[in-house]
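Under full-length UniProt numbering, the first residue of the sequence shown carries the number 1, and numbering increases by one thereafter.
Taking it in order: structure first as structure tokens, then the write-up.
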Amino acid sequence: MAGPAGVAYGQIYVVSSAEHSDLPESFAGQQNGLCGAVQAGVLFLRTGLHTGEVDFTVELHDEAPPIDETWEEIVEASYRPSGEAALTSWGGGGRWPLALDEVDYRVRYCGWGMDAGHQAGPPMDGEPLVDRYLLQFWPAPPQPDRVVKQTSAQAAYWHGVARETPPPPTPEQRAEMERERERKAAEERAAEKLRGWGGTPPSERLEGIWKAYHLALDYRPIMDAAERADPQTQWAVTKWLVHRMCVEADLIQFAWITDALERVDHEEHAWQALRIPVDAYDPPLPAGGSLFALAGWNHNLDVPSKAMTIFGPFMYDDRLEAVVDALWIARDVFGRDRARAFVPDLWDSFPPLRAAQG
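See the structure below:
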């Protein structure tokens, strides 16, 4: 490749994979600041001109060519492509494929007119290009980068920046940093989870009920006490909560609701106590229509749907899960601003539950 090449922000690259050159890491730990070769498969090349076209030549040699002292800036580094290499302008504005094998190369990057290019604006049509560059490749084992010749203030500045940039972490250091990030992330997840539980870890049984975590900030003491209580007390708490929700939702006015509450302990399955009359539906249930259980509370539900939702906790065989589900529904029935309105009465109604609180 030989001819004009577009640059932007004083940069042009050799890339050989989907990786993009990262400015700080490209030169980290190097002696030279013109040819950044730290990132695998990428060369980050600096130019004096900020934006426009520079004269650029790329050469491939079988062995190291003689150093041409007519160039003002000369640096060397090592490079190994990780795919099909190409000289590429910033933003993909130009691309020139390079016939490089995936082997180790020594790279010599030469520049001339960097200070003049830095001070110049983009060349207009027909104007001569201000600065020019030569990039040479030849097979060679990896060696540290070096500055062969420095003339311009621009080169001196960028060499200084590179030398002040700490070298990138080793693979072992990166692995340790990743382990540390994972450890801190795990600690933060655990701390966030603990905050969600109200500051103290739950029992294994309570943690296994997914709704309990989302109720902990409102009802953690009740759930802890319910877990310690006997099944009879847990069942009584569930029935009490269902009754209070029926009152709060103004369902207690319906005889079929009160009848259902009285039948709960007399059915083989408690949820079967709810028997919704056909005339309770508005509009009426169509012939052959079916009922379905609802997943959550909504104040706009019709009366039968509200009743099915409130009676939902009776479907749990596990009495602790029934308490948790009743609290889950109660929080929505009472509303967020009144989520704890029933709590004092609950404690007063169940001395054994308060005793189980510890």
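Where is the CB? At the ideal position from N, CA and C, for every residue including glycine.
Please check the pair residue i and residue j, which I expect to be a contact at CB under 8 Å, by giving their CB distance rounded to whole angstroms.
{"i": "residue 307", "j": "residue 276", "result": "7 Å"}
{"i": "residue 72", "j": "residue 121", "result": "Residue 72 to residue 121, Cβ: 21 Å. No contact."}
{"i": "residue 118", "j": "residue 48", "result": "4 Å"}
{"i": "residue 162", "j": "residue 27", "result": "4 Å"}
{"i": "residue 84", "j": "residue 16", "result": "6 Å"}
{"i": "residue 143", "j": "residue 78", "result": "6 Å"}
{"i": "residue 104", "j": "residue 80", "result": "5 Å"}
{"i": "residue 4", "j": "residue 129", "result": "6 Å"}
{"i": "residue 76", "j": "residue 174", "result": "Actually they are not in contact, since the Cβ atoms of residue 76 and residue 174 sit about 26 Å apart, beyond 8 Å."}
{"i": "residue 343", "j": "residue 238", "result": "Between residue 238 and residue 343 the Cβ distance is about 15 Å, and since that is not below 8 Å, they are no contact."}
{"i": "residue 29", "j": "residue 167", "result": "3 Å"}
{"i": "residue 108", "j": "residue 74", "result": "7 Å"}
Going by Cα to Cα distance, which pick from the options is closest to residue i?
{"i": "residue 223", "options": "272, 315 and 326", "result": "326"}
{"i": "residue 115", "options": "137, 305 and 153", "result": "153"}
{"i": "residue 39", "options": "240, 169, 129 and 92", "result": "169"}
{"i": "residue 340", "options": "314, 219, 309 and 255", "result": "219"}
{"i": "residue 216", "options": "131, 282, 210 and 197", "result": "197"}
{"i": "residue 346", "options": "208, 268, 176 and 244", "result": "244"}
{"i": "residue 429", "options": "164, 267 and 241", "result": "The structure shown does not extend to residue 429, since the chain is modelled only from 1 to 358, so the question has no answer here."}
{"i": "residue 8", "options": "188, 235, 44 and 29", "result": "44"}
{"i": "residue 317", "options": "151, 234 and 337", "result": "234"}
{"i": "residue 255", "options": "108, 241, 273 and 267", "result": "273"}
{"i": "residue 335", "options": "282, 269, 278 and 248", "result": "248"}
{"i": "residue 240", "options": "160, 64, 314 and 12", "result": "314"}
{"i": "residue 13", "options": "96, 176, 231 and 106", "result": "96"}
By Cβ distance, which residues of its chain are closer than 8 Å to residue i, with the 5 residues on each side in sequence left out?
{"i": "residue 69", "result": "149"}
{"i": "residue 125", "result": "none"}
{"i": "residue 212", "result": "202, 206, 223 and 324"}
{"i": "residue 290", "result": "Confidence in residue 290 is poor, its pLDDT being 48 and thus under 50, which makes the residue's placement unreliable; the coordinate value appears in the next sentence. There are no such residues."}
{"i": "residue 209", "result": "320, 321 and 324"}
{"i": "residue 171", "result": "none"}
{"i": "residue 253", "result": "none"}
{"i": "residue 236", "result": "350"}
{"i": "residue 65", "result": "59, 108, 136 and 138"}
{"i": "residue 160", "result": "33"}
So, at 7 Å on beta carbons, what are the nonlocal neighbours of residue i in its own chain, with the 5 sequence-adjacent residues on each side left out?
{"i": "residue 227", "result": "203, 205, 206 and 320"}
{"i": "residue 257", "result": "246, 251 and 307"}
{"i": "residue 282", "result": "302"}
{"i": "residue 158", "result": "33, 34 and 46"}
{"i": "residue 156", "result": "150"}
{"i": "residue 177", "result": "169"}
Excluding the 5 residues preceding and the 5 following residue i in the sequence, name in chain order all residues of the same chain whose CB lies nearer than 6 Å to its CB.
{"i": "residue 52", "result": "122 and 123"}
{"i": "residue 6", "result": "53, 89, 93 and 94"}
{"i": "residue 297", "result": "309, 329, 332 and 333"}
{"i": "residue 10", "result": "46, 47 and 50"}
{"i": "residue 179", "result": "none"}
{"i": "residue 2", "result": "57"}
{"i": "residue 113", "result": "130 and 131"}
- Should the segment 27-36 be regarded as contacting the segment 83-97, the criterion being three or more beta carbon pairs within less than 8 Å? no
- Give a yes or no on contact between the segment 184-193 and the segment 299-310, applying the rule of three or more CB pairs nearer than 8 Å. no
- Task: Scan the segment 100-175 and note each continuous beta strand (DSSP E) run of 3 residues or more that stays entirely inside, going in chain order.
- Result: 105-112, 132-139 and 146-149
- Taking one C-beta from the segment 332-350 and one from the segment 257-273 each time, how about it: are there three or more such pairs within less than 8 Å? no
- If you pair each beta-carbon of the segment 91-108 with each one of the segment 176-188, do three or more pairs fall below 8 Å? no
- Mind listing, in chain order, the continuous beta strand (DSSP E) runs of no fewer than 3 residues lying wholly within the segment 280-348? none
- Message: I'd like to know if the segment 135-148 and the segment 53-61 are in contact, where contact means that at least 3 CB-CB pairs between them fall below 8 Å.
- Response: yes
- Task: Jot down the residue ranges of each uninterrupted beta strand (DSSP E) in the segment 56-92, minimum 3 residues, whole runs only, in chain order.
- Result: 73-79 and 86-89
- In chain order, each alpha helix (DSSP H) run of at least 4 residues that lies wholly inside the segment 183-236: 204-207 and 210-228
- Where in the segment 25-54 do unbroken runs of the beta strand (DSSP E), each at least 3 residues long, occur, reported from the N-terminal end onward? 42-46
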